[in-house]
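Everything on this sheet refers to the single structure shown next.
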Amino acid sequence: MKQLIAITGLFFITLNTACVNHKPITDKSNSNSSHSDSALLTEKYWKLVELNGTPIIWKEGWTHEPQITFRSLDHRINGNGGCNTFFGTYQLGSGNSIHLSQMGATMMACPNMETETTFLQTLEKVDNYTVKGDTLMLNKARMAPLARFIAVYMD
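So the sequence shown is numbered by our numbering: it starts at 202 and just counts up by one.
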């Protein structure tokens with residue numbers, strides 16, 4: 202019985218320590234800026250439907266549909282290019298500006314990787330975003346959207 206109490210106590214001490222040490226990352230440089238659309242951007246599964254003006258059509262050899270998710274708690278992004286998963290961080294600025302950084306991806310070889318390669322290269326160019334209803338557009342300057350996504354909701 203004493204062992205059970207000791208193990209339970211140790212568990213709660215460990216849990217409390219873990220919770221205290223894991224604080225969300227905040228961007229103090231932009232703490233005064235307003236990100237009214239950031240709630241529309243984050244915590245959604247965004248399915249890629251168009252890349253550089255070309256509609257996305259499922260390719261043989263893909264393991265997942267190309268998509269991206271923005272997490273507000275730690276300013277992380279993750280997604281899939283069709284074959285490989287990718288990840289990184291993002292920072293929001295004024296006027297719906299966005300900066301993606303610390304990007305990485307798994308390196309599996311799959312057939313039909315042209316879309317994935319273009320998708321990942323496109324993410325490196327993005328400097329702003331627009332959310333209209335269930336559509337997200339990642340843009341460079343005032344050019345036509347580089348990537349267009351639709352929100353996918355679970356039933």
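Just so it is clear, CB atoms sit at the ideal spot from N, CA and C, and this is done for glycine as well.
Proximity winner among the options, relative to residue i (alpha-carbon distances)
i, options, result
"Gly-296", "Leu-252, Glu-261, Asp-328 and Trp-259", "Asp-328"
"Met-308", "Gly-294, Thr-323, Cys-284 and His-300", "Cys-284"
"Leu-242", "Gly-334, Cys-311 and Ala-342", "Gly-334"
"Leu-301", "Phe-350, Phe-287, Asn-313 and Gly-262", "Phe-287"
"Glu-266", "Leu-274, Lys-341, Met-314 and Met-338", "Met-314"
"Glu-261", "Thr-316, Thr-319 and Pro-312", "Pro-312"
"Arg-343", "Lys-326, Tyr-354 and Leu-249", "Lys-326"
Contact under 9 Å by Cβ, residue i with residue j
i, j, result
"Gly-280", "Gln-268", "yes"
"His-276", "Thr-264", "no"
"Thr-270", "Glu-251", "no"
"Ala-352", "Thr-336", "yes"
"Leu-324", "Ala-348", "yes"
"Trp-259", "Phe-350", "no"
"Ile-299", "Leu-339", "yes"
"Gly-282", "Ala-306", "yes"
Integer-rounded CB distance, given that residue j should sit under 8 Å from residue i
i, j, result
"Leu-293", "Ser-239", "6 Å"
"Thr-359", "Ile-278", "Missing from the structure shown is residue 359; the chain here goes from 202 to 356 and no further."
Counting only runs of 3+ residues fully inside the segment 249 to 294, write out the beta strand (DSSP E) ranges in chain order. 268 to 272, 277 to 281 and 286 to 293
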